[in-house]
Amino acid sequence: MSPIFNSRSRHLDIDFHYVRDKVMKKELQVKNISNTDQLAD
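Numbered per this note's numbering, the sequence shown spans residues 1 to 41.
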């Protein structure tokens, strides 16, 4: 694998764990938003 891919995947892995920890501590709430209510494509 290229170093660029590894760097990006590591960054995503850190972000995922950060968000997961916040959700588990109930500091962040994740909600499902239907496609019709989304403002961005």
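Note that beta-carbon positions come from the ideal geometry of N, C-alpha and C, so glycine has one too.
All of these numbers come straight from a predicted model, not from anything done at the bench.
Could you name the residues of the same chain whose beta carbon sits closer than 7 Å to that of residue i, not counting the 5 residues immediately before and after it, in chain order?
i	result
V30	V23
Does the distance from the C-beta atom of residue i to that of residue j stay below 8 Å?
i	j	result
L28	V19	yes
So, at 8 Å on beta carbons, what are the nonlocal neighbours of residue i in its own chain, with the 5 sequence-adjacent residues on each side left out?
i	result
V14	The sequence shown places Ile at residue 14, not Val. Answer for I14: no residue qualifies.
So, does the CB of residue i fall closer than 8 Å to a CB anywhere in chain B?
i	result
Y18	The chain inventory of the structure shown lacks chain B, comprising one protein chain alone.
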